Structure formats: structure tokens, C-alpha cells
Amino acid sequence: MTAQRRPFTIVLPAGWSRVPVGPGASSAIRAILDRAVAGVDDARAVRVRRRLQELLHQQVKAAEAQSGVELYLPTEQVHGVSVPASVVVSVPALAEDADPMDVLLAVAARRRGAEVLDVGGKPAVRAEHRQEPANLGEDLAEVEAAVRQVVYFLADPEDRGRFVVMSASVLESTAEGGADVADAVTDLVDAMVSTFRWAG
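Numbers given in our numbering equal positions in the sequence shown, counted from 1, plus 506.
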């Protein structure tokens with residue numbers, strides 16, 4: 507989805523990058539990788555670039571599976587710490603006779619812990635849940651982390667065609683201080699979503 511066609515605007519935090527899902531993904535990933543290995547000339551740069559490229563393409567494919575149109579990723583460290591999060595933006599096609607406001611009400615009623623928000627003067631619903639800690643796989647065999655899933659549903663009561671879902675995944679390490687880091691990252695994502703505005 508191009509910037510011209512995107513039905514909304516949003517301000518990304520410093521150190522985050524926008525990756526379109528579909529056309530444009532490869533060039534966006536190349537730009538991210540160029541920044542990530544800038545100034546590194548030894549053999550490590552080749553290995554790091556290849557691994558990062560694999561991970562980024564995997565995340566784009568996962569976003570595609572969620573009918574995503576954009577992927578937001580922290581691509582720079584903050585105070586020397588990697589930010590363990592990603593945000594997938596989807597623009598689902600609702601049934602022709604569906605009212606986005608009814609969808610929001612249904613989400614608020616059915617999702618445990620859902621809360622109704624005002625984002626830029628328009629209604630939204632925020633829901634959060636936590637998956638239990640699990641091993642992160644072969645590369646991080648000694649590390650366990652839970653996943654916080656924070657989902658935002660945004661609608662425009664003045665336009666039945668405007669409905670966006672933003673799904674944020676935040677890793678919460680079981681190590682000491684892991685919950686505090688996840689809290690800070692969740693607050694950062696909430697702040698990012700607060701800048702969401704419908705275009706036009």
C-alpha cells in the first residue's frame with residue numbers, strides 16, 4: 507500500500523522503520539540492511555546482513571498471512587537495547603452491509619479486557635492478552651519469553667469503508683527486568699497508535 511493510498515497517517519518512534527507488505531518490501535528491507543551494516547567491512551557484516559534479511563522476510567511473510575498491508579519494526583537499538591516488538595497493520599474488507607461501529611462494539615463486548623479509546627477524535631478499541639513463556643528456538647535455546655499481543659481496532663464513524671486493525675507483538679523475557687522492558691515497549695506502541703489519524 508503506497509503512502510498515497512494509505513487511508514491513514516501515523517508517526518513512528520525514532521529508530522523504527524516502515525516495511526510495505528507486498529510490492530516495495532524488498533527495497534525497504536535493503537535500505538534497512540544498508541543502515542544496519544553501515545561502516546562494518548569485515549566478514550561479520552555479510553553474516554549479519556544475511557541473517558537479518560532472512561528474519562525480515564520471515565516477518566513480512568507472517569504479516570502477509572495476517573492480511574497485513576504494512577509492518578512496523580524497531581530497526582535501531584534504544585540506549586543500547588534492542589526493542590523486542592513488531593506491529594502489523596491490516597485493512598480488512600468488511601461485509602458490504604457491515605457498520606464498522608457495530609464491529610467495534612462487538613469487539614469491545616467479546617474481547618476480555620477490551621477498552622474503548624478515543625484516538626484522534628475517533629473511536630477505537632484496545633485489547634491485550636499474554637501468551638505464556640516459551641522457548642525462542644534453536645538460536646536462543648536458553649531464552650524464554652512470553653508474548654504480549656496488543657490489538658487496536660480503529661474505525662471512522664463518518665466513513666463505513668474505514669476500518670483498520672493494528673496488531674502489536676511485544677516479547678517479554680522471563681529474565682529479571684524483562685517485564686519492565688515489555689511495559690516500556692508497550693507504552694511506546696500505545697504512544698505510536700495515539701498519533702494515528704484518518705487521512706482526508
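Heads up, the beta-carbon is just placed ideally off N, CA and C, and yes, glycines get one too.
All values derive from a computational prediction rather than experimental measurement.
Cα atoms of Ala697 and Val566: separation of roughly 23 Å, rounded to the nearest angstrom. The three-state reading of DSSP puts Glu582 in coil, since its state is none of H, G, I, E or B. In the structure shown, the three-state DSSP call for Arg668 is coil. For Ala685, the enclosing alpha helix (DSSP H) covers residues Gly684 to Val699.
In terms of CA proximity to Val575, Ala531 leads the group Ala531, Ala612 and Ala615. In this structure, Ser673 lies away from Thr581, with their beta-carbon atoms at least 8 Å apart. The Cβ-Cβ distance between Ala690 and Arg512 does not fall below 8 Å.
Non-local C-beta neighbours of Arg541 in its own chain, meaning closer than 6 Å and more than five positions away in sequence, are absent.
Here Val631 is bridged, per DSSP, to Val622 and Phe659. A contact is defined here as three or more CB-CB pairs under 8 Å, and the segment 610–627 fails this definition with respect to the segment 674–685. The three-state reading of DSSP puts Leu600 in coil, since its state is none of H, G, I, E or B. A direct Cα-Cα distance of roughly 37 Å separates Ala601 from Arg536. According to the DSSP assignment, Pro606 belongs to the alpha helix (DSSP H) that extends over Pro606 to Arg616. One alpha carbon belongs to Glu560, the other to Val653, and they sit about 21 Å apart.
Judged by DSSP secondary structure, Pro519 falls outside any beta strand (DSSP E); it is assigned neither H nor E. Nearest to Ala614 by alpha-carbon distance, out of Leu539, Leu577, Pro606 and Arg632, is Arg632. Within its own chain, the residues whose Cβ lies closer than 6 Å to the Cβ of Ile538, once the five positions on either side in sequence are excluded, are Ser523 and Thr581, listed in chain order.
Checking the DSSP bridge columns, you'll see Leu677 partnered with Val653.
According to the DSSP secondary-structure assignment, Gly528 is paired through a beta bridge with no residue. Between Val525 and Leu577, the C-beta gap is smaller than 8 Å, which places the two residues in contact. Residue pairing of Gln637 in beta bridges, as defined by DSSP: Val653.
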